[in-house]
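Numbering (the working numbering), first residue to last: 429 to 742. Have a look at the structure below before the remarks.
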Amino acid sequence: MALATRVAVLIGGVGGAKLASGLMHVVAPERLTFIVNTGDDFWRLGLKICPDLDTVMYTLAGLVNRETGWGIAGDETAVMDSLEGHYGVEPWFRLGDKDLATHLLRAQGLRQGNSLTEVTDCLARRLGVSARLLPMCDEETPTLVDTADRGELGFQEYFVKHSWRPIVKSIKHKDCEKATMSAPVSSALETADVILIAPSNPWLSVAPILAVPGMRQALKRADAPVVAITPIIAGAAVKGPTAKIMAELGLPVSEAAVARFYGGIIDGFVNDIRNEPLRVEGIRAVRLNTLMTDDAAKAALARDALDWIAGWAA
């Protein structure tokens, strides 16, 4: 697929950031727009924390800690250590010292009346990110997880504080009905040649994006093909609680269940070579190597997926 192709990506988390890295090798960065989940966002110590936005931003800037997939490489935690040791602050959500600089500038920008979209663009440009990085919306729509053993938890309490151990009963997106699609997000979807849904957790990372009013309708009416990439390989998730959540919600842990979850908004599905062929009515499918173990594999998946889409979407 030509470097001039405009690609919009719905994305969140470490798996999504890997795809973002791969796309940067095969598509001109100025032609890439990443629409990022903000349901994980929360306020901590007076700072606005945007984990998925920061993971994607640090990845594209070449700063990410490659061992964890999040945070900044070589970061230290002197500030958090002092908060815990001197002031007794509970350390369940730790922030690196370099990472704190991002949160300080974000909080300052928001308090000055700038939108999250504007602040994100400023931060990304300062870090040399040439692709467009957009929050899914500017309003706060926190993901809440209702659990069998601990009741309703904020996302970060569920995911970090309790290490996603509680059994999930349901997931909701607080105040999502009050959110609006920003003009840049709407424009990115309208002008894209291809729209991808990254292999992020469908229920925790992609569902919050789809919950923004108008998002599903925009995807359905888009002229561009909409294609999702499987987060499930051989009956398991590469990382994180995707498979666990599917089982707890009474769903089969399969790529077909993911494709059906996206039913009505996707035209195609990139399945993994280790999975059985996908047979879901109305959805084209291909099997590729979706296991992104290194930079070459990330770029290969991005290139092969776009080439496959070009073959039937022209």
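Ideal Cβ positions, reconstructed from N, Cα and C, are used throughout, including at glycine.
Residue i and residue j: beta carbons closer than 8 angstroms?
| i | j | result |
| --- | --- | --- |
| I477 | I637 | no |
| L532 | L491 | no |
| G524 | D503 | yes |
| V613 | M564 | yes |
| K589 | D574 | no |
| N629 | T571 | no |
| A730 | L451 | yes |
| G438 | V634 | A small fix is needed here, since residue 438 is Leu in this sequence, not Gly. Their beta carbons are under 8 angstroms apart, which means L438 touches V634 by this criterion. |
| L716 | A733 | yes |
| S558 | P457 | yes |
| L706 | A724 | no |
| I693 | A436 | no |
| L447 | T466 | no |
| L617 | A650 | yes |
| K726 | S449 | yes |
| V698 | I657 | yes |
| G443 | K667 | yes |
State the beta-bridge partners of residue i as determined by DSSP.
| i | result |
| --- | --- |
| V601 | The question names Val, yet the displayed sequence has His at residue 601. The partner list for H601 (beta bridge, DSSP) reads T571. |
| R688 | DSSP, once it has assigned bridges, lists no residue as partnering R688. |
| F697 | A656 and A713 |
| R560 | T461 |
| L438 | I463 and I625 |
| G582 | L572 |
| I500 | V492 |
| L475 | R472 |
| V708 | In DSSP, V708 forms no bridge with anything. |
| V596 | T575 |
| I673 | For I673, which the question treats as bridged, DSSP gives no partner whatsoever. |
If you compare alpha carbons, which of the options is closest to residue i?
| i | options | result |
| --- | --- | --- |
| R459 | D621, G541 and K446 | D621 |
| P627 | V686, D732 and F470 | V686 |
| L562 | T461, G441, L734 and R702 | T461 |
| P680 | A733, A665 and I693 | A665 |
| K606 | A501, E568 and R688 | E568 |
| G441 | G663, G497 and G692 | G497 |
| T433 | K600, P653, L677 and A646 | P653 |
| I599 | D468, I737 and V454 | D468 |
| D603 | K667, M643 and A639 | A639 |
| F470 | V507, A445 and L544 | L544 |
| D577 | F587, P594, D566 and Y586 | P594 |
| I500 | T483, H514, G513 and V507 | T483 |
| D566 | S591, N542 and D735 | N542 |
Throw me the rounded Cβ distance for the residue i and residue j pair, which I believe falls under 8 angstroms.
| i | j | result |
| --- | --- | --- |
| I660 | S682 | 6 angstroms |
| R522 | T505 | 6 angstroms |
| L538 | V547 | 6 angstroms |
| I737 | Y690 | That pair is no contact at about 15 angstroms. |
| L551 | M485 | 7 angstroms |
Label residue i either buried or exposed according to how many other C-beta atoms from any shown protein chain fall within 10 Å of its C-beta, with 16 as the threshold for buried.
| i | result |
| --- | --- |
| R560 | buried |
| S610 | buried |
| G696 | buried |
| D700 | buried |
| L381 | Because the chain is modelled from 429 through 742, residue 381 falls outside the range shown and cannot be assessed. |
| A529 | exposed |
| K648 | exposed |
| H601 | buried |
| R534 | buried |
| M429 | Below a pLDDT of 50, predicted positions are generally treated as unreliable, and M429, at 45, falls in that range; no measurement from the model is reported. |
| Q540 | exposed |
| A662 | exposed |
| T619 | exposed |
| T608 | exposed |
| G739 | exposed |
| D722 | exposed |
| Q536 | exposed |
| P641 | exposed |
| Q584 | buried |
| L431 | At L431 the pLDDT is 49, less than 50, meaning the model places this residue with poor confidence and gives no usable figure here. |
Regarding residue i and the ligand GDP, is the C-beta to nearest heavy atom distance less than 7 angstroms?
| i | result |
| --- | --- |
| K446 | What this structure holds is no ligand at all, so the ligand GDP is not there to describe. |
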